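J.: Here it is, the structure, as structure tokens.
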Amino acid sequence: MLIKNNSNGLEWVTSWLSIQTSSLGHKEKAPIVTIIQPEDTDVKEVRVFGGPAKLTQTTIEFTEDFSKEIKFWVYYSDNNEEVLDDFDEDIEYIK
């Protein structure tokens, strides 16, 4: 779930089930973190704003007999301008 804190309190933005990409950051000197989980399982590399994102893989075990491999890419930036507004133009998927 993604929740935004504004002057009126907490605002629900979306849940993790409904997004494939999200940028999180702060207006000060904290880095911008972008997480990308493409629907296409054949993606081998992801570039955000021309820079490489780091592949992270994990296994979710639902039962003893059933698990699922999850792949997602993480991109860190110190540039506060690198917050994704238009996902199609700023992310490159490489197969």
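The numbering of the sequence shown is the numbering used here, which starts it at 8 and goes up by one.
Note that the Cβ used here is the ideal one computed from N, Cα and C, for glycine as well.
Remember, it's a predicted structure, so these values are computed and weren't measured experimentally.
Ends of the beta strand (DSSP E) at Q64?
T.: Element bounds for Q64: K61 to E68.
J.: I need the straight-line Cα distance from F56 to D97, nearest angstrom please.
T.: For F56 and D97, the distance between alpha carbons rounds to 5 angstroms.
J.: Relative to the C-alpha of S84, which residue among N13, I39 and S14 is closest?
T.: Considering only alpha carbons, the answer is I39.
J.: Give a yes or no on whether the C-beta atoms belonging to K51 and K102 are separated by under 8 angstroms.
T.: Going by C-beta atoms, K51 is nearer than 8 angstroms to K102.
J.: Opposite K75 in the DSSP bridges: which residues?
T.: Note: K75 sits in a beta bridge opposite I67.
J.: What is the rounded straight-line gap between the Cα of I43 and the Cα of D72?
T.: Going from the Cα of I43 to the Cα of D72 covers about 28 angstroms.
J.: Given a threshold of 16 other Cβ atoms within 10 Å of its Cβ, counted over all protein chains shown, does T41 qualify as buried or as exposed?
T.: Per the 10 Å Cβ criterion, buried.
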